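Undergrad:
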Amino acid sequence: MKRIPVVPTVIVLMAVAIMIGLGVWQLQRKALKESLLARYAAAGQDQTAQRWPSANGEPLSFSRVVTRCTGNGAVSAKSGRNAKGEPGIAHVAECRTASGLSARVVLGWSRSPEPAQWPGGEVAGVLLAQPKGKFDIIADPPLAGLEANARPDPADIPNNHLAYAVQWFLFAGVALVIYALALRKRMRAG
-15 MKRIPVVPTV
-5 IVLMAVAIMI
5 GLGVWQLQRK
15 ALKESLLARY
25 AAAGQDQTAQ
35 RWPSANGEPL
45 SFSRVVTRCT
55 GNGAVSAKSG
65 RNAKGEPGIA
75 HVAECRTASG
85 LSARVVLGWS
95 RSPEPAQWPG
105 GEVAGVLLAQ
115 PKGKFDIIAD
125 PPLAGLEANA
135 RPDPADIPNN
145 HLAYAVQWFL
155 FAGVALVIYA
165 LALRKRMRAG
């Protein structure tokens, strides 16, 4: 009877331990994401508008904000949805505040791809933090004579961490089964 190979067994067990660790990590991330989504939902329910930018720090995504654009860059068009869920064109202006921060302001929605004209000014809407310190403001009410955009909803943010955890646990289980079958074959051959 052949002996169980030590080095391959250690390598497989280390890989399985890493996969289980990654599964546990994804479960921890799931809990953190659920907490963040709950905070976003609470911020979205609060109709109090905060001045942005503020010396008190950045408001949470999905908070209502008010700001003043001292000027705007070019208005561009991108695909978007209106408040009724219909597809069309969202008109986006680059906005610079008096403090020097910039944001993209989604002015509103239309069926026409012709960019809306907007000279800048007061903006009220929903703030969304983007990667790399960027910000979007979904204007509410819409500006430049456009229709209302679809209101951003934290429920649209995916929370796939449970699925990722299950995948890692399955990978670990499959690795153990495959290795056990390989050992069984080796033992029978010997």
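Numbering (our numbering), first residue to last: -15 to 174.
Just so you know, even glycine gets a beta-carbon here, dropped at the ideal spot from N, CA and C.
Note that the coordinates shown come from a computational prediction; the quantities given were computed from them, not determined experimentally.
What residues match up with residue 119 in a beta bridge as DSSP calls it?
TA: For this step, residue 119 is matched to residue 135 along the sequence shown. Looking at the DSSP assignment, residue 119 forms a beta bridge with 113.
Undergrad: For residue 44, does the three-state DSSP call read helix, strand or coil?
TA: What you label residue 44 is simply residue 60 of the sequence shown in a count that begins at 1. Of the three classes helix, strand and coil, the one that applies to residue 44 here is coil, per DSSP.
Undergrad: How is residue 62 classed by DSSP in three states: helix, strand or coil?
TA: Counted from its first residue, the sequence shown places residue 62 at position 78. It is a strand residue.
Undergrad: Less than 6 angstroms between C-beta atoms, sequence neighbours within five positions excluded: which residues of the same chain meet that for residue 148?
TA: Here the question's residue 148 lines up with position 164 in the sequence shown. Counting only Cβ-Cβ distances below 6 angstroms, and skipping sequence neighbours, we find 10.
Undergrad: For residue 45 and residue 34, I'd like the C-alpha separation in whole angstroms.
TA: Residue mapping note: residue 45 aligns to position 61 of the sequence shown, counting from 1. Residue mapping note: residue 34 aligns to position 50 of the sequence shown, counting from 1. Looking at the two C-alpha atoms, the distance is approximately 12 angstroms.
Undergrad: What residue from 102, 2 and 37 has the CA that sits closest to residue 81's CA?
TA: As a position in the sequence shown, residue 81 is number 97, starting the count at 1. Comparing Cα positions, the closest option is 37.
Undergrad: Please report the straight-line C-alpha distance between residue 129 and residue 42, rounded to a whole angstrom.
TA: Taking the sequence shown and counting its residues from 1, the one referred to as residue 129 is at position 145. Taking the sequence shown and counting its residues from 1, the one referred to as residue 42 is at position 58. Approximately 29 angstroms, taken between the alpha carbons.
Undergrad: Can you give me the Cβ contacts of residue 54 inside the same chain, cut-off strictly under 8 angstroms, excluding the 5 residues immediately before and after it?
TA: Sequence index remark: in the sequence shown, residue 54 carries index 70 (1-based). Closer than 8 angstroms at the Cβ level, and outside the excluded window around residue 54, lie 80, 81, 82 and 104.
Undergrad: Please list the terminal residues of the continuous beta strand (DSSP E) segment that includes residue 74.
TA: Counting from 1 along the sequence shown, the entry for residue 74 is found at position 90. From DSSP, the beta strand (DSSP E) with residue 74 extends over 71 to 81.
Undergrad: Could you have a look at residue 51 and say whether DSSP puts it in helix, strand or coil?
TA: Sequence index remark: in the sequence shown, residue 51 carries index 67 (1-based). Residue 51 falls in the strand class under three-state DSSP.
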